[in-house]
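Here the structure is laid out as structure tokens; the discussion comes afterwards.
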Amino acid sequence: MFFNRRVPSWIRVTYYYDSTGGFLYGIFYGLTIAFFPIIARKIGATSGQMAFLTAIPFVGALFTFYWAHISGKRKKMPWVIGVKILARCSLFLTFFAFKPEIFLVIILLYWIFEYAGTPAYTRIMKDIYPDEDRAKLMGYVRVELALAAIIATYGGGFLLDQISYRYVFPLGAAVGIFSLHFFGKIRVKSDENSKSSNERFSLLKIRDIFQKDKSFLRYISTFFIFGFGNLIAMPLYPIFLVDTLRVSNADAGKLGALFSAFWLISYLLWGHYIDKKGPLAALHRIFILTSFVPLLYFLSSDIYLVAIATVFSGATTGGVELARLNYITKAAREKEIGSYWGIDYSLMGVRGITAPFVGIALMYLIGIKYAFLVAFITIFASFLLMGRVKMGKLNA
2 MFFNRRVPSW IRVTYYYDST GGFLYGIFYG LTIAFFPIIA RKIGATSGQM
52 AFLTAIPFVG ALFTFYWAHI SGKRKKMPWV IGVKILARCS LFLTFFAFKP
102 EIFLVIILLY WIFEYAGTPA YTRIMKDIYP DEDRAKLMGY VRVELALAAI
152 IATYGGGFLL DQISYRYVFP LGAAVGIFSL HFFGKIRVKS DENSKSSNER
202 FSLLKIRDIF QKDKSFLRYI STFFIFGFGN LIAMPLYPIF LVDTLRVSNA
252 DAGKLGALFS AFWLISYLLW GHYIDKKGPL AALHRIFILT SFVPLLYFLS
302 SDIYLVAIAT VFSGATTGGV ELARLNYITK AAREKEIGSY WGIDYSLMGV
352 RGITAPFVGI ALMYLIGIKY AFLVAFITIF ASFLLMGRVK MGKLNA
């Protein structure tokens, strides 16, 4: 779409379908996912149910390694389209979600099916984009997706003030399904020679991969520490803003806009950097920059340091996504990309259902400020470890 002229001519058709699908997904996101927490609270979700809602995406991620096994037996594109249609169709059921319990079950169904397609999606990205340009091209797509999401979220807020979520969410789901129409047009060459497999599912395959690929074990362990530190602080940020700094809704909106602006820019900057320097070098820098976020919250007594933290947060978010995917597509063999991604996302699920509760517990035990300090130390430790992972890869 917007970056067509920057895309090599031989890959332009593929990029067009990917970017158009991404733009429509951004609209879908802005009309649905962005409002899940707000709508849940408005229809009566308790604090416990809100905590569960936060954990739901990570619960869905727990099954990713299993989905990697299942999708590895099939053609990638039909699988991705099929499970993501199921995910988005599940949101039509929000028309009947009068109670928070029903709403939460629907959202759980959505995330289980949505994540079912991620291992195969990663393999598709490996197939359709060349290694030397993949991060840049994916960055272009993500910029367009993020721009659409920002606009749709802004418009969705006004729409939900006038029309019930029971109509807006199904509308967004329809746009999400339409986005798959374009993504499904991408030609995936490896699907043309795809063969079914009778291999049985076994969690022991994770052990086998770690034994065979020590560099991946070091990477995934370091990334787990980084993600755990990040998620310790995640539920504490809004609590600190509301309970300690007493920020107004207007100031919260400004912080959101600031984050979104740097989130957009991050895809462009990190996409180019990853293609030039590699994903591990990018993650090494991203980890140190991300560590400043909880540190600045620890030091802050007003909104100004929080604003700087928001800049760091936005400027690194896109880079983490691009570097993570590009590392796995380069580190894993073609047939094992789905399994590598399944391990990554399943471990994300583990930390996602534990780390936020650790953060809350630390807040009560040592205070919110020192909980931020623990998060900083954890993320900074991952920065030091990633330096060793990067050097080990260079010396291998």
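Under my numbering, residues 2 to 397 are what the sequence shown spells out, in order.
Heads up, the beta-carbon is just placed ideally off N, CA and C, and yes, glycines get one too.
Bear in mind that the values here come from a model prediction, so they are computed numbers and not experimental data.
Non-local beta-carbon contacts of THR379 in its own chain, meaning distances under 7 angstroms to residues more than five positions away in sequence, involve ILE226, PHE229, GLY230 and ILE233 in chain order. In the three-state reduction of the DSSP assignment, LEU246 falls in the coil class. Contact holds between the region 90 to 97 and the region 172 to 184, because three or more Cβ pairs, one in each stretch, are under 8 angstroms apart. Its chain contains LEU105, ILE108, LEU109 and TRP112 as the residues whose beta carbon lies nearer than 8 angstroms to that of ILE57, once the 5 sequence neighbours on both sides are disregarded; these appear in chain order.
Assigned with DSSP and collapsed to three states, TYR130 falls in coil, not helix or strand.
Scanning THR123, ASP252, THR291 and HIS70 for the CA closest to the CA of ILE207 turns up HIS70. Within a 10 Å sphere around the beta-carbon of ALA258 sit fewer than 16 other beta-carbons, which makes this residue exposed. For VAL144, same chain residues with a beta-carbon under 7 angstroms away, outside a window of 5 residues either side, are LEU265, TYR268 and LEU269 in chain order. With contact defined as three or more Cβ pairs closer than 8 angstroms, the region 185 to 193 and the region 124 to 131 are in contact. Comparing alpha-carbon positions, the option among PHE159, TRP80 and GLU102 lying closest to LEU32 turns out to be PHE159.
Counting only residues of its own chain and dropping the five nearest sequence neighbours on each side, LEU363 has a CB closer than 8 angstroms to the CB of ILE233, TYR371, ALA372 and VAL375. Using a Cβ distance threshold of 8 angstroms, GLY315 and SER383 do not count as a contacting pair. Between SER180 and LEU25, the beta carbon gap of about 3 angstroms places them in contact (Cβ cut-off 8 angstroms). The Cβ neighbour count for ILE338, taken over all protein chains shown within 10 Å, is at least 16; the residue is labelled buried. Counting only runs of at least 4 residues, the region 317 to 355 fully encloses the following alpha helix (DSSP H) elements, listed from N- to C-terminal order: 338 to 353. Contact between the region 35 to 46 and the region 151 to 170 is present, with at least three C-beta pairs closer than 8 angstroms. With a beta-carbon spacing of about 7 angstroms, ALA35 and GLY157 fall inside the 8 angstroms limit used to define contacts.
CA-to-CA, the gap between LEU237 and ARG352 works out to about 16 angstroms. Rounded to whole angstroms, the gap between the alpha carbons of THR223 and PHE97 is 43 angstroms.
The Cβ atoms of ILE12 and ALA149 do not sit closer than 8 angstroms to each other. In the structure shown, ALA88 falls within a helical segment according to DSSP collapsed to helix, strand and coil.
With respect to the C-alpha of LEU306, the residue from GLY319, PHE241, ILE344 and TRP342 having the closest C-alpha is PHE241. GLY140 is positioned such that its CB atom lies closer than 8 angstroms to that of TRP271. For a cut-off of 8 angstroms, the C-beta gap from VAL312 to PHE263 is around 5 angstroms, short enough to register as a contact.
The beta carbon of GLY22 lies closer than 6 angstroms to those of SER180, PHE183 and PHE184 in the same chain, with the five residues before and after it left out.
Here DSSP, grouped into helix, strand and coil, assigns ASN5 to helix. One alpha carbon belongs to ILE129, the other to THR15, and they sit about 7 angstroms apart.
Put simply, the backbone Cα of ILE369 is about 19 angstroms away from that of THR55. Measuring C-alpha to C-alpha distances from SER340 to each of ILE44, PHE66, TYR18 and VAL60 identifies PHE66 as the nearest. Straight-line measurement puts the Cα of ILE210 at about 22 angstroms from the Cα of LYS77. In the three-state reduction of the DSSP assignment, PRO79 falls in the helix class, which pools H, G and I. In the structure shown, ARG42 falls within a helical segment according to DSSP collapsed to helix, strand and coil.
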